[in-house]
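Working notes, beginning with the structure itself.
Number of protein chains: 2
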Amino acid sequence: MSKGKQDTLFVGSLEKGMRILGVFDERRIEMGLTELAEAAGLDKSAAQRLTNTLHKIGYLNKDPETRRYSPSLKYLELANAYLWSDRFVQLAMPKMIELGRKLGERVNAARLDGSEIVYVIRIPTQLTSFGAMVVGRRLPALTTSSGRAMIACFDADARKRAVETWPIVQATPRTTLDRSKVAAAIEQAARDGYGLTESENIMNEIGIAAPIVSGDGRPVAAVQCSISALRWDIARVRNEIAPHLIEVANSIHLPKPR
Amino acid sequence: MSKGKQDTLFVGSLEKGMRILGVFDERRIEMGLTELAEAAGLDKSAAQRLTNTLHKIGYLNKDPETRRYSPSLKYLELANAYLWSDRFVQLAMPKMIELGRKLGERVNAARLDGSEIVYVIRIPTQLTSFGAMVVGRRLPALTTSSGRAMIACFDADARKRAVETWPIVQATPRTTLDRSKVAAAIEQAARDGYGLTESENIMNEIGIAAPIVSGDGRPVAAVQCSISALRWDIARVRNEIAPHLIEVANSIHLPKPR
DNA sequence: TTTTCCGTATTATTATATAATAAAATTGGG
DNA sequence: CCCAATTTTATTATATAATAATACGGAAAA
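If you want it as structure tokens, here you go:
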């Protein structure tokens, strides 16, 4: 009823199947049938049929011993398809590698997806937490340098709405939970032309990011650098890193706003 | 009939939906409905319902202008889930970063999936082709250093079968198409303890890889390094790179053979 | 051993996806 | 710029194909 006319074009089984595929994450590495059913919000019967199908077509590994399911390498094949399809990634990749070499620090590129940023390129030249090395990682935009850099490109209205409504999750003791302080950081980013965080996601990590904007001024991505606060101080990061990030960001022009 | 009893546990709609998700690759970046239907081997009606569903749940982007579909950032979210789930990736990641710093060259880690290798870690410190920088990339095992390193760990029978039946595709003029030469390269790899290629995938690129074996001697992954043949010669690669790769490979012990 | 939990297999029932077709919209050629 | 051709979107009747309930078997725990 409420969904209206499109109902016949919506394939419920597929949606449920995708719920299963998508239920795995950094916390849920592998699951048995019952656990999986519960996590995906499905009854056992449905979970059985769908996992069976996904296993047969190769998207889920099934441990013959424990009968537990986990993501298969096909997950990565999909990622590959995405990376080739994203014009920005193709353009940015060589520049990021260059930048990583020049700075000798970890550089990343992120896109905005709803209220979260998603890292699409990672050039890890230093050790950190595993989550900071892998592609596809999602973080709440408000507390990341990339997110702030991009939000700072919004008009005042959208900026306000983002700051007030988008989620914040505490990652470290120093994550900014006070939304007025987040707003201030974003205003600052708008003035500077780059976003900045310190110890908000990983302790003693400084994040700095410059936005890439499309022709109409809307942010489409960000170029970011993560640096140890133990070896650098913020002033030096502002002076020595920011210009390079901005230079790279400005050198990337996207044909389609996407 | 031929499928037998499991038929009721197989959800066809899900399989078809996954066919659509998986049809995108480096050649097929974005597609209209008809093209998509044909590429996935579905009739137009099915393609319509399934793309509609996948778009609604966020797995496919749909350009409002052209009505063409392309992979969404959700593809990368899945990759993230895989990477967290793979014990090997977690163990290897910091070592790969270290290795990349030490060698100053591009290092990768790959897994075997059927007759193909899949790159699960890439540390790009030098510029190359885009395909050599992104995760999830698949290549025929027989003509890659990682593939040869792993196949060399098979017993004689399996090795023979692989050499005779696994696919080979010509990537450069110098890709080894002669299977007896491939066999020889693999025997050599078995003696050396590492696999080697030159210009077989990218012209003037030397690939060298050491296998990681589980407790029962079966290969589970490979640690690889790609080097410019213009700056290095093979003898030097053998002398200076191989020991480091083997050292790293030996330092990785997998709890579960998977 | 007994009990409990989890995964697997088997049904009848019907909801749900299907395929064919029609309508609308977009593109390209002349 | 208009018409023809192609592609996308919307609408149906129909039966296939997915469903949910239940029963079975095996493994682990008590």
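Taken in order, these protein sequences are the chains called F and H.
The opening position of the first sequence corresponds to residue 1 in UniProt numbering, with each subsequent residue numbered one higher.
The opening position of the second sequence corresponds to residue 1 in UniProt numbering, with each subsequent residue numbered one higher.
Every residue gets a Cβ at the ideal spot worked out from N, C-alpha and C, and that includes glycine.
- Interface flag for F:S251 against chain H is unset, since no Cβ pair is found closer than 8 Å.
- From the beta-carbon of F:A183, no residue of chain H is found nearer than 7 Å; the closest lies around 26 Å away.
- F:E77 has its alpha-carbon roughly 30 Å from the corresponding atom of H:A156.
- Listed by position along chain F, the residues whose Cβ is nearer than 9 Å to that of H:E205 form an empty set, because the closest Cβ is around 16 Å away.
- Counting along the chain, H:Y82 sits inside no beta strand (DSSP E); it lies in the alpha helix (DSSP H) bounded by residues K74 to S85.
- Proximity of chain F to H:F130 at the Cβ level (cut-off 9 Å) is accounted for by L83, W84, V89, Q90, M93 and P94, in chain order.
- Taken in chain order, the complete alpha helix (DSSP H) segments of 4 residues or longer contained in the stretch 172 to 220 of chain H are 179 to 192.
- The DSSP-derived three-state label of H:V163 is helix.
- Here DSSP, grouped into helix, strand and coil, assigns H:V237 to helix.
- Identification of chain F residues near H:A141 by a Cβ-Cβ cut-off of 9 Å yields none; the smallest Cβ-Cβ distance measures about 13 Å.
- Interface flag for F:L21 against chain H is set, since a Cβ pair is found closer than 8 Å.
- Taking the C-beta atoms as reference points, F:R179 is found nearer than 8 Å to F:E164.
- Taking the C-beta atoms as reference points, F:H244 is found nearer than 8 Å to F:L103.
- When DSSP states are grouped into helix, strand and coil, F:Q126 belongs to the coil group.
- Under a 10 Å Cβ-count criterion, F:Q170 is classified as exposed, with fewer than 16 other Cβ atoms of the shown protein chains found around its own Cβ.
- In terms of CA proximity to F:R49, H:L14 leads the group H:L14, H:I234, H:G22 and H:P211.
- Contact with chain F is found for H:P124, since one of that chain's Cβ atoms lies less than 8 Å from the residue's Cβ.
- Interface annotation, H:F154: not in contact with chain F, CB-CB separation never under 8 Å.
- In this model, H:I29 and F:P173 are separated by some 42 Å (Cα to Cα).
- Between H:R101 and the set F:A229, F:R218 and F:T125, the nearest pair of CA atoms involves F:T125.
- As a beta-bridge residue in DSSP terms, F:D113 pairs with F:E116.
- A residue is called buried once 16 or more other Cβ atoms fall within 10 Å of its Cβ, and F:K16 is buried on that count.
- With a threshold of 8 Å between beta carbons, F:Y75 makes contact with chain H.
- Any Cβ of chain H closer than 8 Å to the Cβ of F:M133 would place that residue at the interface, and such an atom is present.
- Note that the stretch 219 to 234 of chain F touches the stretch 201 to 211 of chain F; at least 3 beta-carbon pairs, one per stretch, sit closer than 8 Å.
- Rounded to whole angstroms, H:N239 and H:Y194 show a C-alpha spacing of 12 Å.
- A direct Cα-to-Cα measurement between F:A110 and H:E187 gives close to 44 Å.
- Around H:Y59, the beta-carbon contacts reaching into chain F at under 7 Å are M18.
- When secondary structure is reduced to three states using DSSP, H:A152 falls in the coil class, being assigned neither helix nor strand.
- At least one beta carbon of chain H lies nearer than 8 Å to the beta carbon of F:S70.
- DSSP, read as helix, strand or coil, puts H:A132 in helix.
- Here the alpha carbons of F:Y119 and F:R137 stand approximately 6 Å from one another.
- Proximity of chain F to H:E26 at the Cβ level (cut-off 7 Å) is accounted for by W84, in chain order.
- Not flagged as an interface residue toward chain F: H:E35, since no C-beta distance is shorter than 8 Å.
- According to the DSSP assignment, F:L60 belongs to no alpha helix (DSSP H) but to the beta strand (DSSP E) extending over L60 to K62.
- The continuous beta strand (DSSP E) containing F:R138 extends over residues R138 to P140.
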